[in-house]
Structures are given as C-alpha cells and as structure tokens.
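Participant:
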Amino acid sequence: MPYTATGRAVVAEGEQRRRRIVTSARRTGSVDVTAIAADLGVSKETVRRDLSALERRGLVRRTHGGAYPVEGRGFESTLELRTGMHVAEKSRIAAAAVKLLGDAETVFIDEGYTPQLIAEALPADRPLTVITASLATAQGLAARSRVTVLLLGGRVRGGTMATVDHWAAQMLSEFVIDLAYVGASGISREHGLTTLDPTVSAVKRQAMRVSRRRVFCGVYSKFGAVSFSRFADARAFEAIVTDTRLPQTEARRYALLGPKVLRV
Numbered sequence: 095m096p097y098t099a100t101g102r103a104v105v106a107e108g109e110q111r112r113r114r115i116v117t118s119a120r121r122t123g124s125v126d127v128t129a130i131a132a133d134l135g136v137s138k139e140t141v142r143r144d145l146s147a148l149e150r151r152g153l154v155r156r157t158h159g160g161a162y163p164v165e166g167r168g169f170e171s172t173l174e175l176r177t178g179m180h181v182a183e184k185s186r187i188a189a190a191a192v193k194l195l196g197d198a199e200t201v202f203i204d205e206g207y208t209p210q211l212i213a214e215a216l217p218a219d220r221p222l223t224v225i226t227a228s229l230a231t232a233q234g235l236a237a238r239s240r241v242t243v244l245l246l247g248g249r250v251r252g253g254t255m256a257t258v259d260h261w262a263a264q265m266l267s268e269f270v271i272d273l274a275y276v277g278a279s280g281i282s283r284e285h286g287l288t289t290l291d292p293t294v295s296a297v298k299r300q301a302m303r304v305s306r307r308r309v310f311c312g313v314y315s316k317f318g319a320v321s322f323s324r325f326a327d328a329r330a331f332e333a334i335v336t337d338t339r340l341p342q343t344e345a346r347r348y349a350l351l352g353p354k355v356l357r358v
C-alpha cells in the first residue's frame with residue numbers, strides 16, 4: 095500500500111475507500127471532506143468524487159463540505175444518533191408543528207426524535223390524551239398531570255426504543271384520534287412516505303387510518319429519500335412541516351399535492 099509523505103497509508107482502491115467513507119458516516123452521522131481526505135491520505139477532490147458516486151448509489155446525501163448517510167436496508171440510524179443531528183432544525187419544526195394542534199384532544203405521536211420534541215412542546219395547560227409507540231415520549235409525558243399517556247404494546251426495537259408488530263397496530267385500530275404527528279425515513283412525491291421496516295410501516299399506516307388530521311414533520315434531508323416500505327401518500331396530510339433548507343421550489347411542488355407546507 096502506498097504512503098503519503100507523513101507516513102499515512104493511502105487507501106488507493108476506490109471501493110475500499112468508499113466503504114470506509116460510508117462506514118464513518120454511519121458511525122458518526124456525517125463526514126467532512128477535509129477530515130476524511132486527511133484520514134484516507136487522498137485529495138479533497140478525490141473525496142468529493144467518491145461522495146458524488148456514493149450519492150448516485152443512494153448511500154449518502156451531499157452537503158456543503160461533506161455528506162450524511164442515507165437510511166436503507168443495510169443501515170438505520172438509532173435514536174441516540176438522531177438526537178445529535180439537525181437539532182436546531184428539529185426544534186423549530188417541533189415548535190411550528192405544535193401550533194397546528196388546534197382543538198385536538200387526542201394526539202398520536204410517532205416514534206423518532208422530532209416527534210419526541212413535539213411531545214415536549216405540547217401545552218401543559220390543557221388536558222390531552224397522547225398515544226405513542228415511543229418509550230422515550232411516554233416517559234417524558236408521564237409526569238404531566240393533565241396528560242393521559244397510552245403506550246402502544248408490542249415488540250420493542252432497541253435502536254429506536256419504540257414498539258411495533260401486530261399488537262401495536264391492533265391497539266391503534268380501536269381508537270379514533272384527532273391529530274397524528276407522523277415521521278418517516280423518506281418522503282417523495284412519486285413514492286410517498288416510506289420507512290425501512292415493514293413492522294414500523296404497519297404501525298404508521300394504522301395511525302394514518304384512525305386519525306382525522308395528519309401532519310408530517312421532518313427535516314429537509316427526508317425529502318426525495320425513498321426507503322423499503324411505503325405507508326402513506328403525501329396527499330393524505332393536512333400539513334408538512336420542515337426547515338428552510340428544503341428549497342422553496344420543491345416545497346411548492348409538495349403543496350400542489352394538497353398539504354400546506356411550512357418551512358421554519
């Protein structure tokens with residue numbers, strides 16, 4: 095293997111180098127061009143070409159100066175990893191989403207970090223019944239005196255700390271819910287809302303069915319991403335709440351499908 099002048103080994107083989115980039119992105123949540131070039135002993139331009147190739151294969155999404163991993167059948171981010179990514183954007187999305195609560199008395203809160211932030215932002219001065227598959231959300235709301243928390247039963251997925259399988263979907267089927275705050279691994283105009291695991295998708299699909307109003311909440315990186323299991327169409331939502339890094343032109347395209355699109 096060749097070495098740089100400083101003695102650092104050069105990862106010469108393109109596929110080996112790209113595998114290391116993907117592994118690093120999945121481990122830390124993102125990669126920086128300058129840092130990864132120094133680590134691999136190659137030029138920044140080489141890394142940029144690698145990132146472009148990986149983006150074409152659907153493994154990463156480019157950002158200014160780097161990239162972040164795309165969830166797929168071989169990779170799903172954990173709740174722990176999500177809590178450190180796009181935190182400012184997710185907080186703004188949560189605050190804007192709660193403003194859409196209206197007169198809802200029963201609320202479904204999906205699994206994931208953005209829905210968890212929505213739960214934390216719910217008003218404390220009015221009675222609410224919250225239905226959720228998320229253990230973290232249930233724990234966070236349980237101490238509130240004016241909130242009744244219903245935790246869906248089922249198998250707990252360790253990475254997301256949320257319940258799935260037919261028990262959770264069956265329990266949901268017995269309710270009529272005023273408002274659902276829903277997340278996804280990806281949203282696209284062609285394929286709708288998707289997630290990686292069909293058991294997760296089944297719970298989300300049932301929540302859509304039993305809710306009168308539905309709001310999708312997700313950062314800009316969700317848009318255009320497509321995962322394995324489809325559970326809803328973008329037209330099914332009253333509103334889509336995202337951040338300002340989603341281009342205005344793309345927001346308009348989603349708005350033409352019917353939902354109100356809020357960029358915050």
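According to the working numbering, the sequence shown holds residues 95 to 358 in order.
Note that the Cβ used here is the ideal one computed from N, Cα and C, for glycine as well.
1) List the residues that DSSP assigns as beta-bridge partners of R324.
2) In the DSSP assignment, find the alpha helix (DSSP H) that holds T338 and state where it starts and stops.
3) Below 6 Å CB to CB, which residues in the same chain sit around A232 once its five sequence neighbours on both sides are set aside?
4) Assuming K184 is part of the beta strand (DSSP E), what are its boundary residues?
5) Would you kindly report the start and end of the unbroken alpha helix (DSSP H) that includes L148?
6) Quick one: give me the first and last residue of the alpha helix (DSSP H) that P353 is part of.
7) Grab me the residues of G206's own chain with a C-beta within less than 6 Å of its C-beta, minus the 5 sequence neighbours each way, in chain order.
8) Using only CA atoms, which one of R308, V320, V241 and S267 lies nearest to L153?
9) If distances are taken between C-alpha atoms only, which option among R238, A230, S228 and V224 comes closest to A218?
10) Let's see if you can read the secondary structure: which residues bound the beta strand (DSSP E) around A274?
11) Going by DSSP in three states, R220 sits in which element: helix, strand or coil?
12) So if DSSP puts R307 in a beta bridge, which residue, or which two residues, is it bridged to?
13) Grab me the residues of A99's own chain with a C-beta within less than 7 Å of its C-beta, minus the 5 sequence neighbours each way, in chain order.
14) Relative to the alpha-carbon of V309, which residue among S323, V297, R329 and S282 has its alpha-carbon at the smallest distance?
15) Counting only beta-carbon separations shorter than 9 Å, does A191 have a partner in chain C?
16) Quick check on G247: buried or exposed, where buried means 16 or more other Cβ atoms within 10 Å of its Cβ?
17) Do you know offhand how far V358's Cα is from P221's?
18) Among the residues of its own chain, which have a CB less than 6 Å from the CB of R102, if the five just before and after it don't count?
19) Would the beta-carbon of G160 be found less than 8 Å away from any heavy atom of the ligand SAH?
20) Give me the Cβ distance between M255 and S228, rounded to the nearest whole Å; I'm assuming they're in contact under 8 Å.
Facilitator: Taking the geometry as given:
1) Its beta-bridge partners are T288.
2) Counting along the chain, T338 falls outside any alpha helix (DSSP H), and DSSP gives it neither H nor E.
3) If we look at A232 and ignore the five residues flanking it on each side, its Cβ neighbours are T226, V243 and L245.
4) Where K184 is concerned, there is no enclosing beta strand (DSSP E), although the alpha helix (DSSP H) it sits in stretches over V181 to V192.
5) Residues K138 to R150.
6) Per DSSP, P353 belongs to no alpha helix (DSSP H) and is neither H nor E.
7) Result list for G206: G277, in chain order.
8) Minimum Cα distance to L153 is reached at V320.
9) Residue R238 is the option with its Cα nearest to A218.
10) Boundaries of the beta strand (DSSP E) around A274: I271 to V276.
11) The answer is coil: DSSP assigns R220 none of H, G, I, E or B.
12) BP columns for R307 point to L273.
13) Summary for A99: the model assigns pLDDT 46, below 50, so the residue's position carries little reliability; its value from the coordinates is reported in the next sentence. Cβ neighbours of A99 beyond the five flanking positions: none.
14) Closest in alpha carbon position to V309, among S323, V297, R329 and S282, is R329.
15) The chain labelled as chain C is not found in the depicted structure, where only one protein chain is given.
16) Under a 10 Å Cβ-count criterion, G247 is classified as exposed, with fewer than 16 other Cβ atoms of the shown protein chains found around its own Cβ.
17) Distance between the alpha carbons of V358 and P221 is about 27 Å.
18) Low confidence applies here, because R102 scores a pLDDT of 49, under 50, leaving its location unreliable; read the following figure in that light. The beta carbon of R102 sits closer than 6 Å to the beta carbons of G135 from its chain, once the five residues preceding and following it are set aside; these are given in chain order.
19) The ligand SAH is not part of the structure shown, which contains no ligands of any sort.
20) Rounded, the Cβ-Cβ distance is 7 Å, consistent with contact.
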